[in-house]
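K.L.:
In the working numbering, the protein residues as written are 92 to 312.
What follows is the structure, given as structure tokens:
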């Protein structure tokens, strides 16, 4: 039975991935390097250190990559002042699941100050019973660490947790943690490999409470 629901943040609860993609394009123009959408989308679900380590050469070397990452966040938050929105059904899903007695966890690759800043306009940080952000877990998604650490904080067996994700790296992390993964795609359509790792694919978070209750009803039979 699912008793806890663990949420990714960017692209799952808050519509930040489009802002992030646009900010990377603007940084590339400003700093004179080339970056395509495939590379930008491959960043989704990864922490800052991992992105800089893996893509530093593409961004012009380690120091230049650090500067590019910082500038990307500056532009992203400039855009967020007018264009930051919750994903459809996000607040309703969180409040419904909380009211039904599910423990809620936040497991995001964004650093804690960024996560709090993104959720602040919507007053939702306090709805989570536990949270793990950025480098607070030993390894980044697609490793399972961030979800296992969050489950431990909640005092819930991983097998009793659901993960809600939009990214390939996040899906892999949730599946590797031994959790039921509910995918709500954002910018990138899932591949057959990713679909096979998911318990269910949803059109939006509006469908999530019913999907989890349906899973629990079937598990109880």
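Beta carbons: idealized from backbone N, C-alpha and C, even for Gly.
Quick caveat, the model's predicted, so the values are computed rather than measured.
Count the other CB atoms, across all protein chains shown, that sit within 10 Å of the CB of residue 336; report buried if there are 16 or more and exposed otherwise.
P.N.:
Nothing about residue 336 can be read from this structure; the chain reaches only from 92 to 312.
K.L.:
Report the residue from 170, 125, 134 whose alpha carbon sits nearest the alpha carbon of residue 151.
P.N.:
Position 60 of the chain shown, counted from the first residue, corresponds to residue 151. When each option's Cα is compared against that of residue 151, the closest is 125.
K.L.:
Is the beta carbon of residue 258 sitting closer than 8 Å to the one on residue 179?
P.N.:
As a position in the chain shown, residue 258 is number 167, starting the count at 1. As a position in the chain shown, residue 179 is number 88, starting the count at 1. For residue 258 and residue 179, no; Cβs fall outside 8 Å.
K.L.:
Below 7 Å CB to CB, which residues in the same chain sit around residue 174 once its five sequence neighbours on both sides are set aside?
P.N.:
On the chain shown, residue 174 is found 83 positions in, with the first residue counted as 1. Here the set comprises 110.
K.L.:
Less than 8 Å between the CB atoms is what I'm expecting for residue 177 and residue 213, so what's the real figure, rounded?
P.N.:
Locating residue 177 in the chain shown gives position 86, counting from the first residue. Locating residue 213 in the chain shown gives position 122, counting from the first residue. Yes, residue 177 and residue 213 are in contact; Cβ-Cβ is about 6 Å, under 8 Å.
K.L.:
How would you write the range of the alpha helix (DSSP H) that residue 168 sits in, first residue to last?
P.N.:
The residue given as residue 168 occupies position 77 in the chain shown. Taken as a continuous stretch (DSSP letters only), the alpha helix (DSSP H) holding residue 168 covers 153–174.
K.L.:
Rounded to whole angstroms, how far is the Cβ of residue 209 from the Cβ of residue 105, which I believe are closer than 8 Å?
P.N.:
Taking the chain shown and counting its residues from 1, the one referred to as residue 209 is at position 118. Taking the chain shown and counting its residues from 1, the one referred to as residue 105 is at position 14. Contact flag correct, Cβ pair sits at about 5 Å.
K.L.:
Does DSSP put residue 224 in a helix, a strand or coil?
P.N.:
As a working mapping, residue 224 is identified with position 133 in the chain shown. Looking at residue 224 - three-state DSSP - the assignment turns out to be strand.
K.L.:
Could you tell me the alpha carbon to alpha carbon distance between residue 308 and residue 159, rounded to whole angstroms?
P.N.:
Taking the chain shown and counting its residues from 1, one reaches residue 308 at position 217. Taking the chain shown and counting its residues from 1, one reaches residue 159 at position 68. The straight-line gap from Cα to Cα measures roughly 48 Å.
K.L.:
Take the Cβ of residue 347 as the centre, count every other Cβ of all protein chains shown within 10 Å, and call the residue buried at 16 or more, exposed below.
P.N.:
Because the chain is modelled from 92 through 312, residue 347 falls outside the range shown and cannot be assessed.
K.L.:
Name the DSSP bridge partner or partners of residue 98?
P.N.:
Looking up residue 98 in the chain shown gives position 7. According to DSSP, residue 98 bridges with 197, 255.
K.L.:
Taking the C-alpha atoms as reference points, what is the distance between residue 261 and residue 145?
P.N.:
Residue mapping note: residue 261 aligns to position 170 of the chain shown, counting from 1. Residue mapping note: residue 145 aligns to position 54 of the chain shown, counting from 1. Those two C-alpha atoms are separated by around 17 Å.
K.L.:
Give a yes or no on contact between the stretch 241–258 and the stretch 111–125, applying the rule of three or more CB pairs nearer than 8 Å.
P.N.:
no
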